[in-house]
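Down below is the structure, laid out as structure tokens.
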Amino acid sequence: MHLRAISTGDLIRRKPGQHKLDTIPQILQDFPNRKFILVGDSGERDPEIYQHLYKQYPNQIIKIFIHDVTSERARHADQRESERSDSYYNNLRKFLARDQQNGGNANGSNPLLPRRSGTTTSTMFDALGETEIPDDEKVMMDPAVPLKTKLDMFNERMDNLSAELPEGVMSVFTLASQLRTVSILTSG
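Structural data, given as structure tokens:
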């Protein structure tokens with residue numbers, strides 16, 4: 297089952313991962329005799345969410361796979377930062393600030409013209425302007441933080457999460473082809 301089958305508006309308005317905390321327990325409760333494998337990535341809160349869910353449903357969740365996208369982001373943060381003068385979020389915040397200063401009219405043309413409100417686009421821009429980027433993700437994107445420090449922090453995060461679970465429950469992978477060698481997936 298793919299958990300992205302919910303409205304974009306709901307995803308934008310909620311904190312990262314909240315839809316998983318709302319949906320997965322319901323699925324587990326609906327199928328109490330089934331075993332589940334949770335697959336997520338390290339980009340937001342999947343490791344922490346899945347660890348929390350495992351603690352609630354240890355007899356149903358047999359494996360957690362986390363795709364390591366954080367290390368790759370950390371490796372390329374310096375390059376991306378040097379390739380652009382300003383980040384996407386900074387540009388978006390400037391746009392939204394200018395929009396507010398101009399009475400809701402982003403281009404400043406005619407403030408008497410009605411601004412479309414209550415649309416998915418306006419909701420999205422409002423939400424993006426208030427997007428909370430987790431502190432550890434900010435560090436991964438910061439070109440001032442040395443790569444070794446970023447990778448050490450990521451490994452420490454994964455080690456701390458895994459330490460609270462039975463050995464082998466959580467696995468981190470970088471390439472999908474690595475999953476071909478996992479016995480739980482390859483055994484009949």
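First residue of the sequence shown? That's 297 in our numbering, and the numbers climb one at a time after it.
The beta carbon of each residue, even a glycine, is placed where N, CA and C say it ideally should be.
Checking 8 Å against the spacing of the C-beta atoms, do residue i and residue j come in under that value?
i: residue 457; j: residue 347; result: yes
i: residue 454; j: residue 343; result: yes
i: residue 364; j: residue 470; result: yes
Please name the residue in the options whose C-alpha comes closest to that of residue i.
i: residue 448; options: 316, 367 and 334; result: 367
i: residue 319; options: 331, 349 and 340; result: 349
i: residue 460; options: 352, 371 and 472; result: 352
i: residue 475; options: 439, 433 and 333; result: 333
i: residue 359; options: 342, 340, 335 and 432; result: 335
i: residue 331; options: 323, 356, 443 and 439; result: 356
i: residue 467; options: 322, 315, 340 and 362; result: 362
i: residue 432; options: 481, 463 and 341; result: 341
i: residue 371; options: 473, 441, 463 and 314; result: 441
i: residue 313; options: 327, 473, 345 and 321; result: 345
Should residue i be labelled buried (16 or more other beta-carbon atoms within 10 Å of its own) or exposed?
i: residue 450; result: buried
i: residue 338; result: buried
i: residue 404; result: Below a pLDDT of 50, predicted positions are generally treated as unreliable, and residue 404, at 48, falls in that range; no measurement from the model is reported.
i: residue 434; result: exposed
i: residue 480; result: exposed
i: residue 410; result: Note on residue 410: pLDDT 46, under 50, position unreliable in the model; no value is reported.
i: residue 298; result: Residue confidence for residue 298 is low, a pLDDT of 48 falling below 50, so the modelled location carries little weight and cannot support an answer.
Given 7 Å as the limit, tell me if residue i has its C-beta closer than that to any heavy atom belonging to the ligand COA.
i: residue 441; result: Absent from the structure shown: the ligand COA. Ligands present: none.
Residue i and residue j look like a contact to me (Cβ under 8 Å); what is the Cβ gap, rounded to whole Å?
i: residue 436; j: residue 446; result: 5 Å
Continuous beta strand (DSSP E) assignments of at least 3 residues falling wholly in the segment 456-482 | The segment 456-482 contains these whole beta strand (DSSP E) runs: 466-469.
What are the start and end residues of each continuous beta strand (DSSP E) run of 3 or more residues lying completely inside the segment 311-356, in chain order?
-> Fully enclosed beta strand (DSSP E) runs of 3 or longer: 332-337.
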